[in-house]
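There are 2 protein chains.
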Amino acid sequence: MKEGPDIAQIGALIGDPARANMLAALTGGRALTATELAAAGGITLQTASTHLSKLETGGLLAQRKQGRHRYFTLADEAVARLIESMMGLAASRGHLRHQPGPKDPALRKARICYDHLAGDFGVRMLDSLVASGSIDAIGDGLAVTAKGESDLQCIGIDVSSLKSSRRPLCRSCLDWSERRAHLAGSLGKALLANFMEKGWARRIPESRSVIFSPEGERQFLKLFPLEA
Amino acid sequence: MKEGPDIAQIGALIGDPARANMLAALTGGRALTATELAAAGGITLQTASTHLSKLETGGLLAQRKQGRHRYFTLADEAVARLIESMMGLAASRGHLRHQPGPKDPALRKARICYDHLAGDFGVRMLDSLVASGSIDAIGDGLAVTAKGESDLQCIGIDVSSLKSSRRPLCRSCLDWSERRAHLAGSLGKALLANFMEKGWARRIPESRSVIFSPEGERQFLKLFPLEA
DNA sequence: TTCATACTTCGATGGTAACCGAAGTATTCT
DNA sequence: AGAATACTTCGGTTACCATCGAAGTATGAA
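Note that the protein sequences, when read in sequence, are chains U and S. First residue of the first sequence: 348, per the numbering used here; consecutive thereafter. First residue of the second sequence: 348, per the numbering used here; consecutive thereafter.
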């Protein structure tokens, strides 16, 4: 009667609120210490320690020791995608953790999704890239066009070097706040890195929020216009 | 500190073994009654009843009453995709529910994944369609080519009528047994329906297994050859 | 060497939820 | 109407696990 893999183990790991909060914090892409994760989960360090070892043996987390610190990250991109897609589902079912607070609008405007840009700005960027013919959207698949490759080169992104990596260049990722797709993959990562290098955007510590400077926002909106 | 949607609720729903087994059973695509799901979960009807109402209020299940029966299905395709992707992750992390039993090989060979064909045969079919130029694979995206459209017409599938539906024509779905992509979307559904109409394949009751007749298997393998 | 920081392990506690028997409701069949 | 089927609700038990204090280990700093 029991066929196939056991999803209950993974579900139970994510099903505890403290663990879920720690995983959500790690969706920010940064490696975090046990102490930081304890704060994110709203629990003491002892409790966090047992949770973290469960998550690690369950294959959801990876850790590396560095001095007396222990840095945790999501095990791989597959886990990140799972968490994100669960957030999408949770949002669509109205499972919310928060009274909409002051930080929420910023989060919906622009935030980190593992290693790329999400939120209103992330969705707008992908829409604009598709509209301008820089990216072809076929079904759920995304591919950079020749035009896109040269346009991105002008911004300072070398697409051909990104292509050589194992990781897919483009990937669409469902946005939980916008309920629309934004750009993930190595190109999504490179674009966000590019904005931060230029000083257009910076991360808020202890949060997934990404804040654009006034000038950065102006440039971003000019670079990725919306269709009329 | 609490940002974004609450994935813990959904995780907890999936995290109970009985509920996970019921959800997995529903991945077979059939609507099942509370009694059938109780058997799938290995619990009594009373316990199943409470589980099912939790899953329904949690937004994972939909139900329709029909006489004195109550038929449950997964709420929508998004839920089905979540369950499937969790199976993929669980399989890759070695979370298995079973001692590899006699039914297992059949399941790996061909099975239902919500409404389309998965397992070795499902993966082979997509590989062959891509190799023959009937489907273009761009990143994770799949698109039917002109050649594919006419080839499929010969088999008895009218692609243009499928296109008119809201649902994506092609979608790639990660296979937990093969760890490779197979074909989902309305075309995946139509192909499986086509095989069953022709008598090539039939479903096994109470299981996700799909059994091909000797003749059906011969035809299938001929229609979807592997690259040398 | 001593103190401090970062984290783990142990042990005890408490709360939650899964579970089933029994009784109750709704629908269909005869 | 009466019986049977399908399912829900209630109540009480049980078992698990998240939690934290306290003590233990490991690494770094003074």
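Note that beta-carbon positions come from the ideal geometry of N, C-alpha and C, so glycine has one too.
For Cys517(U), the residues of chain S that pass the 7 angstroms Cβ criterion are Gly486, in the order they occur in the chain.
With the criterion set as a beta carbon lying under 8 angstroms from some beta carbon of chain U, the members of the stretch 379-405 of chain S are Ala386, Ala387, Gly389 and Gly405, in sequence order. Residues of the stretch 428-459 of chain S whose Cβ lies closer than 8 angstroms to any Cβ of chain U, in chain order: Arg428, Leu429, Ile430, Ser432, Met433, Met434, Gly435, Leu436, Ala437, Ala438, Ser439, Arg440, Gly441, His442, Leu443, Arg444, His445, Lys450, Asp451 and Leu454. Judged by pairs of C-beta atoms under 8 angstroms, the stretch 395-409 of chain S does not touch the stretch 416-433 of chain U, as fewer than three such pairs exist.
The alpha helix (DSSP H) runs lying completely inside the stretch 352-379 of chain U and spanning 4 residues or more are 354-362 and 364-373, given in chain order. Around the beta carbon of Leu392(U), a 10 Å sphere encloses fewer than 16 other beta carbons of the protein chains shown; the residue is thus reported as exposed. In this structure, DSSP gives Leu489(U) an extended state, which the three-state scheme calls strand. Rounded to whole angstroms, Gly532(S) and Ala371(U) show a C-alpha spacing of 30 angstroms. When Cβ-Cβ separations below 8 angstroms define contact, Val426(U) makes contact with chain S. Using a CB distance cut-off of 8 angstroms, Ile354(S) counts as an interface residue toward chain U. Of the residues assessed, Leu534(S) falls on the buried side of the cut-off, its CB having 16 or more other CB atoms within 10 angstroms. Listed along chain S are Ile485, Gly486 and Gly488, each with a C-beta nearer than 8 angstroms to that of Ala490(U).
The stretch 500-512 of chain S makes no contact with the stretch 510-524 of chain U; the number of CB pairs closer than 8 angstroms stays below 3.
Put simply, the CB of Ile361(U) is near chain S, with a gap under 8 angstroms to one of its CB atoms. The beta carbon of Ile390(S) sits closer than 7 angstroms to the beta carbons of Ala365 from its chain, once the five residues preceding and following it are set aside; these are given in chain order. Per DSSP, the unbroken beta strand (DSSP E) holding Lys412(S) starts and ends at Leu408 to Gln413. Cβ neighbours of Ala484(U) within its own chain (closer than 7 angstroms, five residues either side excluded): Val477. DSSP places Ser507(S) in the helix class (H, G or I) of the three-state scheme. The C-beta of Gln500(S) has fewer than 16 other C-beta atoms within 10 Å across all chains shown, which makes the residue exposed. Think of a sphere of 9 angstroms around the beta carbon of Trp523(U): the chain S residues whose beta carbon falls inside it are Gly351 and Pro352, in chain order. In this model, Gly376(S) and Leu421(S) are separated by some 8 angstroms (Cα to Cα).
Where Ile430(U) is concerned, there is no enclosing beta strand (DSSP E), although the alpha helix (DSSP H) around it starts and stops at Glu424 to Ser439. Between Leu521(S) and Gly388(S) the beta-carbon gap is near 25 angstroms, outside 8 angstroms, which marks them as no contact.
Chain U has a Cβ within less than 8 angstroms of the Cβ of Pro364(S). In the three-state scheme derived from DSSP, where H, G and I count as helix and E and B as strand, His398(S) is classed as helix. Straight-line spacing of the CA atoms in Asp423(U) and Asp423(S) works out to 27 angstroms.
Taking C-beta separations shorter than 7 angstroms and ignoring five residues to either side along the sequence, the partners of Lys494(S) in its chain run Gly480 and Ser481, following chain order. By the rule that beta-carbons nearer than 8 angstroms mark a contact, Gly358(U) touches chain S.
Residue pairing for Leu521(U): DSSP places it in a beta bridge opposite Ala528(U).
Of all residues in the stretch 368-379 of chain S, only Asn368, Leu370 and Ala371 place a beta-carbon less than 8 angstroms from a beta-carbon of chain U. Between Ile504(S) and Ala537(S), the C-beta spacing is below 8 angstroms.
Across the structure, Gly486(U) and Val491(S) are spaced so that their CA atoms are roughly 10 angstroms apart. Short of 7 angstroms from the beta carbon of Arg411(S), and not among the five residues preceding or following it, lie these beta carbons of its own chain, in chain order: Tyr418. For Ala465(U), the enclosing beta strand (DSSP E) covers residues His463 to Ala465.
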